[in-house]
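Top to bottom, those sequences are chains C and F.
With the numbering used here applied, the first sequence has no gaps in its numbers, which climb one by one up to 481 at the end.
With the numbering used here applied, the second sequence has no gaps in its numbers, which climb one by one up to 545 at the end.
The beta-carbon is built from N, C-alpha and C at its ideal position, and this holds for glycine as well.
Accompanying notes for the structure given below.
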Amino acid sequence: MFTEPVSFTDVIIPILPEVGLTLLLILVVVLDLAFRPVRRRAVGVVTGVGMLVILAVNVAVGLTFVRDEAFAEPVLGGMIHFDMVSVIFHSVVLLAGALTSLISVDLPGVARKGEFYAILIVATLGLSLMTTASDLVMLFLSLETASISLYVLAGFLRETRQSTEAGIKYFLFGAASAGVFLYGLSLLFGFTGTTNIYDMAEPLGALISGNAEGMFGLIIALLFMLVGFGFKISAVPFHFWTPDVYEGAPTSVTAFVSTASKAASFALLVRVFAIVWPAEAAPYWTGLLAAIAVLTMSLGNLLALVQTNIKRLLAYSSIAQAGYTLIGVVALTETELGLAAVAFYLLMYVLTNILAFTVIIAVSNTTGSDQIADFAGLSRRKPYLALAMVLALLSLGGVPPLAGFFGKFFLFAAAVRAGYVWLAIVGVLNSILALYYYLTVIKVMYVDPQVDDAPVFLRPASSAVVWITAIGVLVMGTIAGPWWNWALDAATTFAAVLP
Amino acid sequence: MDFPFLTLITFIPVVAAVIILLLPSDVGLDPSKDAALIKRRRERVRVISAVATAISLLLSLYVYIGVFNAVEAGAQELFYFEDGRWNWVPSLGIGYHMGVDGVSAPMLLLTGLASFTGVLISWGIEDRVREFFAFFLLLVAGVYGVFVALDVFLLFFFYELAIFPMYLLIATWGWKVTREYASMKLTLYILIGSIVALVGVIAMYFVAQDAGLEMTFDLVDFMRARDAGAYDVEFQLPFGLGLASFAKIWFPFIFLGFGILAGVFPFHNWSPDGHVAAPTAVSMIHAGVLMKLGAYAALRIGVMLLPEGARTHLPWIVLLTLINVVYGSLIAMVQRDFKYVIGFSSVSHMGLVSMGWATMNVIGMTGAGLQMFSHGVMTALFFAAVGMVYDRAHTRDIPSLGGFAQKMPLVAAAFILGGFVSMGMPMLSGFVAEFPIFVGLWQASQTLQLPSGVPATYYAVIAIVAVVGIVVTAAYVLRVVQRVFFGEFEAEKWHGEITDVTLKDKFALGLLSLWLILVGVYPAIMQPMVTAGIEPIARLLGGA
Chain C
-17 MFTEPVSFTD VIIPILPEVG LTLLLILVVV LDLAFRPVRR RAVGVVTGVG
33 MLVILAVNVA VGLTFVRDEA FAEPVLGGMI HFDMVSVIFH SVVLLAGALT
83 SLISVDLPGV ARKGEFYAIL IVATLGLSLM TTASDLVMLF LSLETASISL
133 YVLAGFLRET RQSTEAGIKY FLFGAASAGV FLYGLSLLFG FTGTTNIYDM
183 AEPLGALISG NAEGMFGLII ALLFMLVGFG FKISAVPFHF WTPDVYEGAP
233 TSVTAFVSTA SKAASFALLV RVFAIVWPAE AAPYWTGLLA AIAVLTMSLG
283 NLLALVQTNI KRLLAYSSIA QAGYTLIGVV ALTETELGLA AVAFYLLMYV
333 LTNILAFTVI IAVSNTTGSD QIADFAGLSR RKPYLALAMV LALLSLGGVP
383 PLAGFFGKFF LFAAAVRAGY VWLAIVGVLN SILALYYYLT VIKVMYVDPQ
433 VDDAPVFLRP ASSAVVWITA IGVLVMGTIA GPWWNWALDA ATTFAAVLP
Chain F
2 MDFPFLTLIT FIPVVAAVII LLLPSDVGLD PSKDAALIKR RRERVRVISA
52 VATAISLLLS LYVYIGVFNA VEAGAQELFY FEDGRWNWVP SLGIGYHMGV
102 DGVSAPMLLL TGLASFTGVL ISWGIEDRVR EFFAFFLLLV AGVYGVFVAL
152 DVFLLFFFYE LAIFPMYLLI ATWGWKVTRE YASMKLTLYI LIGSIVALVG
202 VIAMYFVAQD AGLEMTFDLV DFMRARDAGA YDVEFQLPFG LGLASFAKIW
252 FPFIFLGFGI LAGVFPFHNW SPDGHVAAPT AVSMIHAGVL MKLGAYAALR
302 IGVMLLPEGA RTHLPWIVLL TLINVVYGSL IAMVQRDFKY VIGFSSVSHM
352 GLVSMGWATM NVIGMTGAGL QMFSHGVMTA LFFAAVGMVY DRAHTRDIPS
402 LGGFAQKMPL VAAAFILGGF VSMGMPMLSG FVAEFPIFVG LWQASQTLQL
452 PSGVPATYYA VIAIVAVVGI VVTAAYVLRV VQRVFFGEFE AEKWHGEITD
502 VTLKDKFALG LLSLWLILVG VYPAIMQPMV TAGIEPIARL LGGA
């Protein structure tokens, strides 16, 4: 690893987003001290804009340098791997972070607390590192950095019972899952003698060839790791924390957890599972994930049908969406379409979910509650917001001309290409099921009579987010080519290094 | 053709919808103080919608005449007025390609007529006018897009694009009693079918690729794959059922998946409730055009691309269509609600379209193509008339209505005309459409061979039983006409609320009636182009 002198740019380019985030963190802490409490909303705007700048730099620098020879191998001692997958997922996480800080400006109890934005940046930092981690130590470190920050953020509204409960539940579940996960990681280290995931396929392949005990050990390690991953992506049966945490946490934190945390966890899941397990083990983990995907989709959609709280409904919807994305992961080893579909879907998902949560923030600020019934008559009170919510919900449902349609199409195409036609059909039927509850919310906004006349109000920062995400969802749904090509590019380069 | 007619036809309504949504709304305006301003804003929306649909109608008419001339001159192209082909998502072979042939050109015209007259008839809507017309225009754009799409992905894109505005339109502006139930049922039902068909199409794409062909989602490529025999590859069925070709496995799912939208029994249930709950203009588009989307897609993607599957499965699917025709008309007989009669009549007449596809010969399928147009215009006319009666009487209960011909003579005349068309009376388009279907059924009984080699003589029985449907149709139509429009007009009950319809309404009714008469009296303006479009498909099915 250290056989030749390493240039500064070779070191700094892969971690440019993380460096940027650290500098932003320092700036935010300073501004928090400098600004009077009344003006601290500006800290949120600075965070948001700062993250957007880092996002732009990430995309520009990433696209320029990602194909350089210097980055073909893991860098920085093998801790992270700089490739197109990491560039895409960095963008997803940074976008989610930026939009979340902008909408937090509208959230009472959170907007004027500078430390909220600081912890948000730390969480983004952790999630960013998760998307590129290629060493077990970095993997766990970044996972915990992100998780602990998220536990704090979820319980941020200390005065409310709900938020505190959310934070504690998240922490307990998370800590327990992380413990089991770490055990799985240590088993991997024990079996292979190395912590770099790119060096593990060979020893593991040797371990299981003709050796039943080795296969058993591998499966145990796989299951333990699946606990950790399943928790992070809210897959069944590790999803129990999701509804309570999503409902109780401050709404912008819910938006962040449901998008950025899920995206980074999927990136990590894909990287670890595809790179670590040898080709002989592929049918095992693929089959297991397919079963989990079916359970996740179905349970998420079925339980969402009976919800009356919009945040809980979106929590179960989020569980189901993770199920759909798992279909792409299942198709991963057979075709590049799998990973490309996952990346495209998560990018779409960030825009869509944050759009939905912004509207929820606006409505709950006015009505003081998160019940679906309080959305009644929104189409008359604030037609644009109602329309924005329609766009978000229909995108989640997979209706053209919105981004979700292409997202689902690519996932199902990947499944069919990989030979999992039955999985595509299950996914398709689940989409229909999901449409029922999405359409019900739309119905409440458009059909149910208005109950309240108070004006629904959004600050400029949140309005900007609504416009950006709504236009983004429409653009991705019509001019899908460039985004899909980007995702496919990442998938193809990733596939080249698979064992 | 260099001028992008088809793109314009499809996207002008979209542009109009976006413009309408960006116009200032009435939120926050006080009706007592700003009445004039509110009225101006609403008029602006209506005028924009009318202009947009009128332009699309005129362009559709131009395209129609163009195709007519081409067919008359003996051109043998597969598609005319092609737009594109431009890449959309090149890595998956998805592109933007539009074109019309003899089957879809009448459908374009139909959409234009139904959408323009629908806008005229919706002039009186006062609740959230902006959103109504915006969603209506999106619906129209989606429908246009399906008929002109030559890329299969593009077809699905527009197909599903047309579905969610239906939900919003019915749920928000529909009949309060059943609108939430009907809109949800309609949306979910239609989507299940189309989405399963989508998975089938994705499978078709990859199967062709695996067979070594360079594939895109373009219809031409799918046709090439079909000709190369990519879909005759046999697969092992699960549960020890033996071998079956790809076409034979997937055809029922694709045909019936789209057939759900065409109202094929037993998946027709969404249709009557949907028709009744929808506001008038939406019912016109729904019954008049949307159901034809299903039949058209079933033909284009099901029958045309998987002819082996069609030959195997249509002989039993024809029994389902028979149930449509007879059962639909029998149920229409016993309805008390005026609009439900028309709704079930739609189910019955669409059964004739699917029956026409199932004859698998040129004459029967031409009849089906003509029936799509004829029934479309007729049912738009019916729903327009029903809507006009309901707006004034506020009831659709047949026993309580009566004598309306005295107050709205033009509506009565239009309804009677529509009634004659639905009965298949000669000199009107209904006869021109239904007669060939029956001839086709009879011819099929003589010439069609089932896969097992047995001749399909039962088609003759089907033709005979279907005639029962025609008789019952006559019965319920005449019954409704007599009860609602003729008989005694109880002036005390209506308190002078029953007035004649507006000039716009009359123009709409006239425009629709004109085409029913035109095609009936001079079928040569439509039949040759439909036959020209059908012939290549019928040849694939082995029918003459």
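task = Using a Cβ-Cβ cut-off of less than 9 Å, list which residues of the stretch 507 to 523 of chain F approach chain C; keep chain order.
result = Within the stretch 507 to 523 of chain F, contact with chain C at the beta-carbon level (separation under 9 Å) is assigned to no residue.
ask   = Residues in its own chain within less than 6 Å of R43 (chain F) by CB, not counting five upstream and five downstream?
value = Here residue 43 (chain F) is taken as the residue at index 42 of the second sequence, counted from 1. The residues are V130.
message = Buried or exposed for K293 (chain F), going by 16 or more other Cβ atoms inside 10 Å?
response = If you number the second sequence from 1, residue 293 (chain F) lands on position 292. Counting Cβ neighbours within 10 Å, K293 (chain F) comes out buried, since at least 16 surround it.
query = What three-state label does DSSP hand D356 (chain C) in the structure shown?
reply = Against the first sequence, residue 356 (chain C) aligns to sequence position 374. D356 (chain C) carries a helical assignment under DSSP once its states are collapsed to helix, strand and coil.
inquiry  = Is P14 (chain F) close to chain C? Criterion is C-beta to C-beta, closer than 8 Å.
reply    = Stepping through the second sequence from its first residue, residue 14 (chain F) is reached at position 13. No, P14 (chain F) does not count as interfacial toward chain C.
request  = Please name the residue in C:T268, C:A368, C:V288 whose C-alpha comes closest to that of G320 (chain C).
outcome  = Here residue 320 (chain C) is taken as the residue at index 338 of the first sequence, counted from 1. Relative to G320 (chain C), the option among C:T268, C:A368, C:V288 whose CA is nearest is C:T268.
message = I need the straight-line Cα distance from Y63 (chain F) to M424 (chain F), nearest angstrom please.
response = Working through the second sequence from its first residue, we reach residue 63 (chain F) at position 62. Working through the second sequence from its first residue, we reach residue 424 (chain F) at position 423. One C-alpha to the other measures close to 31 Å.
task = Name, going along the chain, the residues of the stretch 176 to 203 of chain F whose beta-carbon falls closer than 7 Å to a beta-carbon of chain C.
result = Listed by position along the chain: E181, M185, T188, L189, L192, I193, I196, V197, V200, I203.
query = Do you know how far the Cα of S116 (chain C) is from the Cα of A299 (chain F)?
reply = As a first step, residue 299 (chain F) is located in the second sequence; it is residue number 298 there, counting from the start. As a first step, residue 116 (chain C) is located in the first sequence; it is residue number 134 there, counting from the start. Whole-angstrom Cα-Cα distance: 50 Å.
query = Per DSSP, which one or two residues make a beta bridge with L244 (chain F)?
reply = Within the second sequence, the letter at position 243 stands for residue 244 (chain F). When DSSP reads this structure, L244 (chain F) sits in a beta bridge with F:Q237.
query = Of all the residues that make up the stretch 73 to 102 of chain F, which are near chain C by a beta-carbon distance shorter than 8 Å?
reply = Flagged, chain order: N88, W89, V90, P91, S92, L93.
inquiry  = For a contact defined as C-beta to C-beta under 7 Å, what are the partners of P431 (chain C) on chain F?
reply    = Within the first sequence, numbered from 1, the residue matching residue 431 (chain C) stands at position 449. Within 7 Å Cβ-Cβ: nothing; P431 (chain C) doesn't reach chain F, min ~11 Å.
query = Comparing the C-beta of S33 (chain F) with each C-beta of chain C, is any distance below 8 Å?
reply = Looking up residue 33 (chain F) in the second sequence gives position 32. Taking 8 Å as the CB threshold, S33 (chain F) stays off the interface with chain C.
request  = Tell me, to the nearest whole angstrom, how far the beta carbon of A416 (chain C) is from that of G386 (chain C); I am working on the premise that it is less than 8 Å.
outcome  = Sequence index remark: in the first sequence, residue 416 (chain C) carries index 434 (1-based). Sequence index remark: in the first sequence, residue 386 (chain C) carries index 404 (1-based). Going by Cβ atoms, the distance from A416 (chain C) to G386 (chain C) rounds to 10 Å, so no, they are not a contact pair.
task = Put M2 (chain F) into one of helix, strand or coil per three-state DSSP.
result = Start at 1 with the first residue of the second sequence, and residue 2 (chain F) comes out as number 1. Low confidence applies to M2 (chain F): its pLDDT is 48, below 50, so where it sits in the model is not reliable enough to give any reading.
message = On the CB-based measure, 16 or more other CB atoms within 10 Å of its CB, does L504 (chain F) come out buried or exposed?
response = For the purposes of this step, residue 504 (chain F) is taken as the residue at position 503 of the second sequence. Taking all protein chains shown into account, L504 (chain F) has fewer than 16 neighbouring C-beta atoms within 10 Å of its C-beta and is therefore exposed.
Below-8 Å beta-carbon distance, T173 (chain F) vs any chain C residue = The sequence position of residue 173 (chain F) within the second sequence is 172, counting from 1. Cβ-Cβ to chain C under 8 Å: yes for T173 (chain F).
key: Extent of the continuous beta strand (DSSP E) run through R86 (chain F)   = In the second sequence, counting from the first residue as 1, residue 86 (chain F) sits at position 85. It spans 81 to 90 - the beta strand (DSSP E) in which R86 (chain F) sits, taken as one unbroken run.
key: For P524 (chain F), the three-state DSSP class (helix, strand or coil)   = Mapped onto the second sequence, residue 524 (chain F) falls at position 523. Secondary structure at P524 (chain F): helix, using DSSP grouped into helix, strand and coil.
6 Å CB neighbourhood of G310 (chain F) in its chain, flanking five on each side removed = Reading the second sequence from its first residue, position 309 is the one you call residue 310 (chain F). Excluding positions up to five away in sequence, the list reads A248, K249, F252.
ask   = Smallest Cα separation from V78 (chain F): which of F:A51, F:T532, F:L23, F:D102?
value = For the purposes of this step, residue 78 (chain F) is identified with residue 77 of the second sequence, where counting begins at 1. Reading off the sequence, residue 78 (chain F) comes out as Glu, not Val. Closest option to E78 (chain F), Cα to Cα, is F:D102.
query = With 16 other CB atoms within 10 Å as the buried threshold, where does W294 (chain C) fall?
reply = Stepping through the first sequence from its first residue, residue 294 (chain C) is reached at position 312. Note on residue identity: the sequence assigns Arg, not Trp, to residue 294 (chain C). Around the beta carbon of R294 (chain C), a 10 Å sphere encloses 16 or more other beta carbons of the protein chains shown; the residue is thus reported as buried.
task = For E498 (chain F), count neighbouring C-beta atoms within 10 Å of its own C-beta (all shown protein chains included) and say buried if the count is 16 or more, exposed if not.
result = Taking the first residue of the second sequence as position 1, residue 498 (chain F) is located at position 497. Counting Cβ neighbours within 10 Å, E498 (chain F) comes out exposed, since fewer than 16 surround it.
ask   = Is R129 (chain F) close to chain C, meaning its C-beta is less than 8 Å from at least one C-beta of that chain?
value = Locating residue 129 (chain F) in the second sequence gives position 128, where the first residue counts as 1. For R129 (chain F), the answer is yes, since a Cβ of chain C falls inside 8 Å of its Cβ.
inquiry  = Residues in the same chain with beta-carbon distance under 7 Å from A245 (chain F), minus the five sequence neighbours each way, listed in chain order, please.
reply    = Residue 245 (chain F) sits at position 244 when you count from the first residue of the second sequence. Correct list, in chain order: E235, F236, L238.
key: Cβ shell of F482 (chain C) (< 8 Å), same chain only, five flanking positions each side left out   = The structure shown does not extend to residue 482 (chain C), since chain C is modelled only from -17 to 481, so the question has no answer here.
key: Residue of C:N291, C:V134, C:W449 minimising C-alpha distance to A148 (chain C)   = Locating residue 148 (chain C) in the first sequence gives position 166, counting from the first residue. Checking every option, the nearest Cα to that of A148 (chain C) belongs to C:V134.
Near-chain C residues of the stretch 146 to 175 of chain F (beta-carbon distance less than 7 Å), N- to C-terminal order = Those residues of the stretch 146 to 175 of chain F that come within reach of chain C (Cβ to Cβ, closer than 7 Å) are F158, E161, L162, F165, Y168, L169, A172, T173.
task = Go through its chain and collect everything with a Cβ distance to T82 (chain C)'s Cβ below 6 Å, but skip five positions before and after it.
result = Numbered from its first residue, the first sequence carries residue 82 (chain C) at position 100. Contacts found: S234, A237, F238.
task = Determine the chain C residues that contact V28 (chain F) at a beta-carbon separation under 9 Å, and present them in chain order.
result = Within the second sequence, the letter at position 27 stands for residue 28 (chain F). Result: R362, R363, K364, P365.
ask   = Less than 8 Å separating the beta-carbons of L333 (chain C) and M458 (chain C)?
value = Within the first sequence, numbered from 1, the residue matching residue 333 (chain C) stands at position 351. Within the first sequence, numbered from 1, the residue matching residue 458 (chain C) stands at position 476. At a Cβ-Cβ threshold of 8 Å, L333 (chain C) and M458 (chain C) count as neighbours.
inquiry  = With the cut-off set at 8 Å, would you say A263 (chain C) and I190 (chain C) are in Cβ contact?
reply    = As a working mapping, residue 263 (chain C) is identified with position 281 in the first sequence. As a working mapping, residue 190 (chain C) is identified with position 208 in the first sequence. Yes, the pair counts as a contact, with Cβ atoms nearer than the cut-off.
Euclidean distance between Cα positions of A78 (chain C) and A242 (chain C) = Counting from one through the first sequence, the residue named residue 78 (chain C) turns up at place 96. Counting from one through the first sequence, the residue named residue 242 (chain C) turns up at place 260. Straight-line spacing of the CA atoms in A78 (chain C) and A242 (chain C) works out to 6 Å.
task = Grab me the residues of Q528 (chain F)'s own chain with a C-beta within less than 6 Å of its C-beta, minus the 5 sequence neighbours each way, in chain order.
result = Along the second sequence, read from residue 1 onward, the residue named residue 528 (chain F) stands at position 527. Correct list: empty, nothing qualifies.
ask   = CB S349 (chain F) to CB T173 (chain F), shorter than 8 Å?
value = Working through the second sequence from its first residue, we reach residue 349 (chain F) at position 348. Working through the second sequence from its first residue, we reach residue 173 (chain F) at position 172. No, these two residues do not count as a Cβ contact at 8 Å.
ask   = If you check the beta carbons only, do A297 (chain C) and P225 (chain C) fall under 8 Å apart?
value = Looking up residue 297 (chain C) in the first sequence gives position 315. Looking up residue 225 (chain C) in the first sequence gives position 243. Going by C-beta atoms, A297 (chain C) is nearer than 8 Å to P225 (chain C).
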